[in-house]
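Take a look at the structure set out below.
Take a look at the structure:
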């Protein structure tokens with residue numbers, strides 16, 4: 200894999216920001232888009248645009264084919280048993296909320312348990328908090344090791360016969376931890392629970408086989424994996440999706456409508472009320488083609504290699520603290536630079552043309568667990584290089600000088 | 003001046019590293035109030051945070067006869083938000099509630115890029131560089147928003163309005 204050749208495919212990356220060539224290291228927030236994805240969306244609007252599932256006319260069938268073709272591609276991407284198991288959504292947040300509303304709130308009873316970790320993104324935490332409140336279920340937290348990993352023996356202890364649902368991110372957006380979701384799924388199933396996986400950070404980097412992992416639900420976003428914003432997908436096992444109630448009612452999702460009652464289409468369409476994000480789905484399909492062309496295994500190896508290199512370079516700077524596991528770290532590094540606030544770090548880096556994220560990363564409980572108010576994060580993707588990491592490290596040294604930070608205190 | 007130096011002027015870094023009025027009134031040795039743990043009627047406390055980035059401030063003000071007698075803060079945040087809180091608490095002491103609100107308005111105008119100057123407390127002028135950094139304006143205004151709320155709360159109490 201040649202990141203420099205790949206970078207040529209991303210028009211946005213070839214610009215100066217504040218007088219320096221842009222180094223984009225905020226990929227865990229959103230990735231940039233290759234020309235093929237931008238072109239696919241443009242082509243769809245220029246040639247095929249029409250509403251789906253109802254046109255008798257030619258454009259209507261082209262649009263429907265493009266939309267359903269993207270669903271088949273997504274099903275293959277995750278190795279789902281059938282495209283019927285793929286519900287298009289706005290993104291990971293919408294997918295997780297769909298499971299919380301359509302499944303958890305229907306199934307949970309008082310005394311049941313939901314198990315999550317304190318490291319979850321707010322979008323994999325608040326839906327369960329609210330579902331627990333609404334149903335009288337108890338929300339329980341898996342303990343984390345000091346490096347943010349979970350131990351399977353703790354999963355065995357925390358998940359009980361009363362647990363009906365376990366929700367966990369495959370990859371943590373702050374710590375870069377890669378959780379053993381296949382093994383956690385096995386434990387959850389043995390105790391009679393379903394497992395919901397937040398795939399926001401894994402979909403861009405890991406080859407995921409939902410059948411091999413045997414997860415029940417897997418939600419991800421297109422925009423973090425080279426696709427457009429506003430599109431994502433929820434994978435759900437067919438028998439579970441069939442049990443679920445729709446959450447949004449309207450056009451596109453109905454079978455028969457009478458004055459006082461109505462019935463729904465089959466899965467997955469009963470969850471897709473209203474005109475869907477057709478161009479987004481087309482763009483997602485093009486993003487999947489692009490990633491598969493590069494090779495997910497290659498992308499994963501590249502991200503890990505850059506993260507390991509960044510850990511080396513950054514830990515050589517006195518005063519830098521790095522959070523997360525030493526081994527098995529996905530392609531991101533979360534850190535602090537002494538007592539310089541991460542906002543100040545991010546502003547100085549931005550002046551050097553380097554984009555990173557600073558703040559709580561939508562993980563307030565995790566920030567409290569780490570006993571920090573905020574952190575800085577550099578996250579890598581297939582177009583980043585070791586030179587980008589060098590630019591980051593050099594700029595951090597400058598930042599330290601700028602703020603006159605003395606580590607010996 | 004390059005934009006970064008303009009953003010992080012010496013006076014800002016001084017307020018950040020040596021904040022004025024940091025702490026709570028309860029910590030003060032002789033703050034003019036009784037040592038009872040109950041908050042006196044003339045004292046207001048405002049907690050504000052910036053949900054998008056995690057900055058937070060807790061502002062205490064002692065407002066007697068329409069005059070800000072004392073102001074102190076605690077909180078967590080970047081150099082811009084904390085230096086702004088340090089300057090604001092220093093600047094409003096001894097001012098009437100109306101004068102304090104007028105300063106808050108002037109601060110908002112400065113963040114919009116209007117040319118204003120704080121003759122009352124000229125350190126604040128150093129924060130004018132923030133308006134070139136749109137992402138950081140909300141850091142600078144946090145303390146001033148707390149001030150507005152605190153004055154409102156104090157006036158409400160004075161007029162006997164239930165909180």
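Residue numbers (my numbering), protein chains in the order written: chain H, 200 to 608; chain F, 3 to 165.
Ideal placement from N, C-alpha and C gives every residue a C-beta, glycine not left out.
As the structure is a computational prediction, the values presented were derived from the model and not from experiment.
7 Å Cβ cut-off: residues of chain F touching residue 543 of chain H: 80, 81
Residue 296 of chain H - containing alpha helix (DSSP H), residue span: 291–298
Minimum Cβ-Cβ distance from residue 37 of chain F to chain H less than 7 Å: The pLDDT assigned to residue 37 of chain F is 46, lower than 50, so where the model puts this residue is not dependable, and the model offers no usable value.
Test: residue 518 of chain H CB closer than 7 Å to a CB of chain F: no
Per DSSP, cross-strand counterpart(s) of residue 313 of chain H: H:338, H:364
Minimum Cβ-Cβ distance from residue 318 of chain H to chain F less than 7 Å: no
Cβ-based neighbour list, residue 607 of chain H, same chain, cut-off 6 Å, excluding 5 preceding and 5 following: Here the model assigns residue 607 of chain H a pLDDT of 45, short of 50, so the residue's position is not dependable, and the following value carries that caveat. So no residue of the chain qualifies.
Segment limits, beta strand (DSSP E) that includes residue 454 of chain H: 453–456
Three-way DSSP call (helix, strand, coil) for residue 283 of chain H in this model: helix
In DSSP terms, what residue 370 of chain H is bridged to: H:377
Residue 551 of chain H burial status per 10 Å Cβ neighbour count (16 or more: buried): buried
As assigned by DSSP and simplified to three states, the class of residue 23 of chain F: coil
Limits of the unbroken alpha helix (DSSP H) element including residue 508 of chain H: 495–514
Span separating the alpha-carbon of residue 508 of chain H from that of residue 581 of chain H: 15 Å
Members of the region 393–409 of chain H that neighbour chain F once the beta carbon cut-off is set at 7 Å: none
Between the CA atoms of residue 585 of chain H and residue 349 of chain H - distance to the nearest angstrom: 30 Å
Neighbourhood of residue 410 of chain H by C-beta distance below 6 Å, restricted to the same chain and skipping five residues each side: 278
Length of the line joining the Cα atoms of residue 540 of chain H and residue 601 of chain H: 13 Å
Endpoints, beta strand (DSSP E) assigned at residue 397 of chain H: 393–397
Cβ shell of residue 78 of chain F (< 6 Å), same chain only, five flanking positions each side left out: 58
Selected residue, minimal CA-CA separation from residue 436 of chain H, among H:418, H:322, H:565: H:418
Bridge-paired residues (DSSP) for residue 354 of chain H: Partner(s): none; residue 354 of chain H has no beta bridge.
Per-residue burial, residue 244 of chain H [other beta carbons within 10 Å of its own, 16 or more giving buried]: exposed
Residues that residue 131 of chain F contacts on chain H, provided the C-beta gap is smaller than 9 Å: Residues of chain H passing the Cβ test: none, with the nearest at roughly 11 Å.
Beta carbon proximity, residue 537 of chain H to chain F, threshold 7 Å: no
Residues of the region 208–231 of chain H whose Cβ lies closer than 9 Å to any Cβ of chain F, in chain order: 217
CB of residue 374 of chain H within 7 Å of CB of residue 223 of chain H, strictly: no
Test: residue 558 of chain H CB closer than 7 Å to a CB of chain F: yes
Cα-Cα separation, residue 378 of chain H to residue 403 of chain H: 16 Å
C-beta neighbour in chain F for residue 572 of chain H, strict 7 Å: yes
Strand pairing of residue 534 of chain H, partner residues [DSSP]: H:521, H:575
Pair within 7 Å by beta-carbon distance, residue 46 of chain F and residue 115 of chain F: no
is_contact[residue 156 of chain H, chain F] using C-beta, thresh 7 Å: Lying before the first or after the last residue shown, residue 156 of chain H is absent from chain H, which here runs from 200 to 608.
Interfacial residues, the region 103–131 of chain F to chain H, with Cβ spacing under 8 Å: none
Unbroken alpha helix (DSSP H) run spanning residue 108 of chain F, endpoints: 99–113
C-beta neighbour in chain F for residue 594 of chain H, strict 7 Å: no
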